[in-house]
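*Asks:* Before we start, here is the structure in question, set down as structure tokens.
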Amino acid sequence: MKSAKLLAATAFVAASGLNVSLASADELTLCWAAWDPANALVELSKEFETQSGHTMKFEFVPWPNFADRMLNELNSGGKLCDLLIGDSQWIGGGAENGHYVKLNEFFDKEGISMDDFAPATVYAYSTWPKGTPNYYALPAMGDANGWFYRKDWFAKPEIQEAFKAEHGRDLAPPKTQMELLQVAKFFQGREIDGQKRYGAAIFTERGSEGITMGATSAMYPFGFKYENTPGKYDMEGAVNSADAVAGLEFYKELYKTSTPPGYTDSYMEQSLDAFKSGQVAMAMNWFAFFPGLYADPDTGGDKIGFFVNPGQLKEASTLGGQGISVVAYSDKQDAALEYIKWFAQPSVQKKWWSLGGYSCHVSVLNDPNFADSAPFAADFLLAMDGVMDFWQEPAYAELLLAMQKRLHDYVVADKGTAQEALDKLIEDWTEVFEDEGKL
Amino acid sequence: MSDTPIDRVAKATPPSVASKIRGLSDRAIAWLFVLPTIFLLLAVNIFPLIWTINLSFTNFRANRPNREVDYIGLRNYERILTDEDIWLTMQATAHFLFWTIFFQVLIGFTLAWLINRKFKGNDLWTTLIVLPMMLSPAVVGNFWTFLYQPQIGLFNYGISFLTGIDPSSFQMIGDVTLAPWSIVIVDTWMWTPFVMLICLAGLRSIPDYIYEAAEIDRASQWRQFWTITIPMVLPFLMLAVLFRGIENFKMFDLVVQLTGGGPGSITELTSINLKREAFEKWRTGYASAYAIILFVTVFGLASIYVKALNKVKER
Chain Y
1 MKSAKLLAAT
11 AFVAASGLNV
21 SLASADELTL
31 CWAAWDPANA
41 LVELSKEFET
51 QSGHTMKFEF
61 VPWPNFADRM
71 LNELNSGGKL
81 CDLLIGDSQW
91 IGGGAENGHY
101 VKLNEFFDKE
111 GISMDDFAPA
121 TVYAYSTWPK
131 GTPNYYALPA
141 MGDANGWFYR
151 KDWFAKPEIQ
161 EAFKAEHGRD
171 LAPPKTQMEL
181 LQVAKFFQGR
191 EIDGQKRYGA
201 AIFTERGSEG
211 ITMGATSAMY
221 PFGFKYENTP
231 GKYDMEGAVN
241 SADAVAGLEF
251 YKELYKTSTP
261 PGYTDSYMEQ
271 SLDAFKSGQV
281 AMAMNWFAFF
291 PGLYADPDTG
301 GDKIGFFVNP
311 GQLKEASTLG
321 GQGISVVAYS
331 DKQDAALEYI
341 KWFAQPSVQK
351 KWWSLGGYSC
361 HVSVLNDPNF
371 ADSAPFAADF
381 LLAMDGVMDF
391 WQEPAYAELL
401 LAMQKRLHDY
411 VVADKGTAQE
421 ALDKLIEDWT
431 EVFEDEGKL
Chain F
1 MSDTPIDRVA
11 KATPPSVASK
21 IRGLSDRAIA
31 WLFVLPTIFL
41 LLAVNIFPLI
51 WTINLSFTNF
61 RANRPNREVD
71 YIGLRNYERI
81 LTDEDIWLTM
91 QATAHFLFWT
101 IFFQVLIGFT
111 LAWLINRKFK
121 GNDLWTTLIV
131 LPMMLSPAVV
141 GNFWTFLYQP
151 QIGLFNYGIS
161 FLTGIDPSSF
171 QMIGDVTLAP
181 WSIVIVDTWM
191 WTPFVMLICL
201 AGLRSIPDYI
211 YEAAEIDRAS
221 QWRQFWTITI
231 PMVLPFLMLA
241 VLFRGIENFK
251 MFDLVVQLTG
261 GGPGSITELT
271 SINLKREAFE
281 KWRTGYASAY
291 AIILFVTVFG
301 LASIYVKALN
311 KVKER
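Listed in order, the protein sequences are those of chains Y and F. According to the UniProt record's numbering, the stretch in the first sequence is residues 1 to 439, in order. According to the UniProt record's numbering, the stretch in the second sequence is residues 1 to 315, in order.
Set out below in structure tokens:
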């Protein structure tokens, strides 16, 4: 009888165990953009698969189509993604339209503290309304727009000599936007190693977000801001201030005087191509690409250097990066939350950084060895100290498209003045906020 | 007794069919066959049209299904018709339409006229000429962005070879003046063969005896061309213009691949602008009104044109 009971108990436990493992073994789909860090995440997630028994499937969409594809998916209540690493600007729409699961309760239950993540990233990637303790994502990938340059060209004695003769100072990575323009102009059309080179590869893309991300990298340091008082939508005098106008005029000058011919619709890929093909001395792009650039056998290693977006009136960089959210339409939310719990662990975050992902965890960023762990790590910390982001409103797509149009019209198509472009931008944005009932 | 198409179908139906299905009249059987098509038409064309008209009077946004929808009267129409930027896209579309049709008809007819003259290798030339229209517009768009590339593009080198100017001194798709022409050139390159084929069909449909009679009457080649060839090909040409006009009014893929509507909004055609409003900004009500305005415009213009075409055919 005793043995029969034992056998029954064993059978029950075995059956329960089997049930548990069967019930919990889900296939999770994680959606993100198709770029270098996504490959690192695939590698990282193998550990999660081993530990949890879940299998991971990935849906990576090229950047130019990423927003369209994913926002359509969310708007239609699609079940394609269980986890989504969505752009920071989507957080407002994700929260207000019910696309993302609110994570506060889960964080409290699992002891995940937002204090363990860099405050700028929590503010930008996780909270809605901005700055309130309402979390819809875990900071996953810190990023900002930075710069890289041909260190080997900068070091050439004849180049150094020519620059000093022209500008009376040593050629070095620029510290201000005006220095950046000076250096870019210096390289424009210059012959190096028997080939004609150009100053800088910058963002001018019209279709998605390119020119906005590029131009704001110049406009923020010049003093551009979205509102006079945060949350009040009082844009007059902020968006079109004299400093903002100067910033936009500066970006146009940089575009007109220092970019390769035909550089009218260029974003991340074109910037990387221009640099890797040896066309330009400097290029702007997201820090996310820097590990890959450094590893490039032709233009990486000793030939490449990195610098943070130069300041002017103040230090500021355009924010990139994303948080990871659980999609509200997913049938596998428990397993998705398990992934987030696993991803939030300091040991996983350390590995994430070592594989090429930009961790936002303070245990990684505050590590005394972090700044020396990669040639761009110190600049990344500097950049994240002064990041500024675009509107994160639910109507962000409308706001972004309006800015894309006004900036491209002025910078690339020579239509009107910078003042007119920014004045019209306020009109466009006012209309959007009126429609939204916020003005 | 009425003489509707359905009645005519009913009359044409053999009695044996009706007799096999008891209780159903010939008329009912005819309806049975027609109903699926009518249902499909209603579901796919008529219902969406009515629904779009309804949405055009609202502030509905497809990405905010939970938001309250308000009827705002004619506000969307008023906004569109008074929006300076919309009129600029209309101008860009008109420029694109006019010049593509002009060049395609001119070159297409010339090519057809040349091909129609029997010569050795005639078939090979026809095959080579029609190749561009067999390609996907997306492929053509991508392909031409490389051709137009100021530093390595063959187009710029070709112009440089002919004129002696520096190939990297001009940008076809980045220059405000040249960009509208860059899309005209590519569309003309791709679709002239289509116009050529239609013209060729027209030319080959002219009976030889008409020319023989003209020869007997000692009509000059020039007179034969203007009094026989052109009038007899005209209905075909007008049909080609109608097809190309409708196609180019809704042009999207080729231009998106080539210029993305830029620089600025110089090449932003109405279809691109409409797509941005509907599926990027998600202003569904506004975009519905926009679509209705375009529909009425195209429908109106096409109706006038088809009447003219019928008059030409009757002559």
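Backbone N, C-alpha and C fix where the C-beta goes; we use that ideal spot for every residue, glycine too.
Just to confirm, is the Cβ distance from T299(Y) to N145(Y) under 7 Å?
*Replies:* Not closer than 7 Å, so no.
*Asks:* Does the beta carbon of E427(Y) come closer than 7 Å to any beta carbon on chain F?
*Replies:* For E427(Y), the answer is no, since every Cβ of chain F falls outside 7 Å of its Cβ.
*Asks:* Among the residues of its own chain, which have a CB less than 8 Å from the CB of V411(Y), if the five just before and after it don't count?
*Replies:* Around V411(Y): T204, I211, A215, L248, Y251, K252, Y255.
*Asks:* If distances are taken between C-alpha atoms only, which option among W353(Y), Y198(Y), Q345(Y), V348(Y) comes closest to G278(Y)?
*Replies:* With distances taken between Cα atoms, G278(Y) lies closest to Y198(Y).
*Asks:* Using the beta-carbon of each residue, which ones in chain Y are nearer than 8 Å to S265(F)?
*Replies:* Result: K405, H408, D409, A413.
*Asks:* When Cβ atoms are compared, which residues of the segment 187-216 of chain Y fall closer than 7 Å to chain F?
*Replies:* Listed by position along the chain: R206, G207.
*Asks:* Note down, in chain order, every chain Y residue with its Cβ under 8 Å from the Cβ of residue 357(F).
*Replies:* Residue 357(F) falls outside the range modelled here, since chain F spans only 1 to 315, and no answer is possible.
*Asks:* Measure the beta-carbon distance from K351(Y) to L28(Y) and round it to whole angstroms, keeping in mind my assumption that it falls under 8 Å.
*Replies:* Not quite, the Cβ-Cβ distance comes to about 19 Å (not below 8 Å), so this is no contact.
*Asks:* Please state the DSSP three-state secondary structure of E191(Y).
*Replies:* Residue state, collapsed to three classes: strand.
*Asks:* The beta strand (DSSP E) spanning R150(Y) covers which residue range?
*Replies:* Residues 145-150.
*Asks:* Counting only beta-carbon atoms, is A95(Y) nearer than 7 Å to chain F?
*Replies:* Taking Cβ atoms only, chain F never reaches closer than 7 Å to A95(Y), which makes this a no.
*Asks:* May I ask you to list, following chain order, the residues of the segment 390-401 of chain Y that have a beta carbon less than 7 Å from some beta carbon of chain F?
*Replies:* Going along the segment 390-401 of chain Y in chain order, one finds A397, E398, L401 with a Cβ nearer than 7 Å to chain F.
*Asks:* Could you tell me the alpha carbon to alpha carbon distance between R8(F) and I101(F), rounded to whole angstroms?
*Replies:* Straight-line Cα distance between these residues: approximately 41 Å.
*Asks:* Measure the alpha-carbon distance for F225(F) versus Y148(F) and round it to whole angstroms.
*Replies:* Near 38 Å, if we compare the C-alpha coordinates of Y148(F) and F225(F).
*Asks:* Can you list, in chain order, the stretches of the alpha helix (DSSP H) that have 4 or more residues and sit fully within the segment 73-122 of chain Y?
*Replies:* Counting whole runs of 4 or more residues, the segment 73-122 of chain Y contains the alpha helix (DSSP H) stretches 91-96, 104-110.
*Asks:* Are D389(Y) and S126(Y) touching if we call contact CB-CB under 7 Å?
*Replies:* No. Outside cutoff.
*Asks:* Against chain Y, with Cβ distances strictly below 7 Å, would P150(F) count as a contact?
*Replies:* So, interface residue.
*Asks:* Could you check what DSSP says for W128(Y) in three-state terms: helix, strand or coil?
*Replies:* Three-state DSSP puts W128(Y) in coil, outside helix and strand.
*Asks:* Three or more beta-carbon pairs under 8 Å between the segment 279-295 of chain F and the segment 204-217 of chain F, yes or no?
*Replies:* The segment 279-295 of chain F vs the segment 204-217 of chain F: no contact.
*Asks:* Given a cut-off of 7 Å on the beta-carbon distance, is the pair Y233(Y) and K438(Y) in contact?
*Replies:* In this structure, K438(Y) lies closer than 7 Å to Y233(Y) by Cβ.
*Asks:* Roughly how far, in whole angstroms, is the beta-carbon of A316(Y) from the beta-carbon of G386(Y), given that I think they are within contact range, below 8 Å?
*Replies:* Confirmed, Cβ separation roughly 5 Å.
*Asks:* Output yes or no for whether 7 Å exceeds the beta carbon distance between G264(F) and I272(F).
*Replies:* Result no, Cβ atoms of G264(F) and I272(F) do not sit closer than 7 Å.
*Asks:* The alpha helix (DSSP H) that contains L28(Y), what's its start and end?
*Replies:* Segment 27-33 is the beta strand (DSSP E) holding L28(Y); no alpha helix (DSSP H) there.
*Asks:* The beta strand (DSSP E) with S208(Y) in it runs from where to where?
*Replies:* No beta strand (DSSP E) holds S208(Y); DSSP gives it neither H nor E.
*Asks:* Nearest chain F C-beta to P261(Y) closer than 7 Å, yes or no?
*Replies:* Yes, P261(Y) counts as interfacial toward chain F.
*Asks:* Could you work out which residue in P261(Y), T176(Y), G237(Y) is closest to P221(Y) when comparing CA atoms only?
*Replies:* Checked all of P261(Y), T176(Y), G237(Y); the closest Cα to P221(Y) is T176(Y).
*Asks:* Is it right to say T93(F) is buried, meaning 16 or more other beta carbons lie within 10 angstroms of its own, or is it exposed?
*Replies:* Per the 10 Å Cβ criterion, buried.
*Asks:* List the whole-angstrom C-beta distance separating G357(Y) from L83(Y), where the pair is believed to meet the contact cut-off of C-beta under 8 Å.
*Replies:* Contact doesn't hold; Cβ gap of about 15 Å is too wide.
*Asks:* Excluding five sequence neighbours on each side, which residues of the same chain lie with their C-beta closer than 6 Å to the C-beta of A40(Y)?
*Replies:* The residues are L355, G356, G357.
*Asks:* Put V280(Y) into one of helix, strand or coil per three-state DSSP.
*Replies:* Three-state DSSP puts V280(Y) in a strand.
*Asks:* Under 7 Å, Cβ to Cβ, is there at least one residue of chain F near D87(Y)?
*Replies:* Cβ-Cβ to chain F under 7 Å: no for D87(Y).
*Asks:* Is the beta carbon of T270(F) closer than 7 Å to that of T89(F)?
*Replies:* Taking 7 Å as the Cβ cut-off, T89(F) and T270(F) qualify as a contacting pair.
*Asks:* Please work out which residues of its chain come closer than 7 Å, Cβ to Cβ, to A238(Y), disregarding the five sequence neighbours upstream and downstream, and give them in chain order.
*Replies:* Taken in chain order, the residues that qualify are K225, Y226, E227, N228.
*Asks:* For N228(Y), which of helix, strand or coil comes out of DSSP?
*Replies:* Three-state DSSP puts N228(Y) in coil, outside helix and strand.
*Asks:* In whole angstroms, give me the CA-to-CA distance for P261(Y) and D26(Y).
*Replies:* If you take the alpha carbons of P261(Y) and D26(Y), they lie about 51 Å apart.
*Asks:* Go through the segment 191-239 of chain F residue by residue and report every complete run of the alpha helix (DSSP H) that reaches 4 residues or more, in order.
*Replies:* Qualifying alpha helix (DSSP H) stretches, in chain order: 208-216, 221-224.
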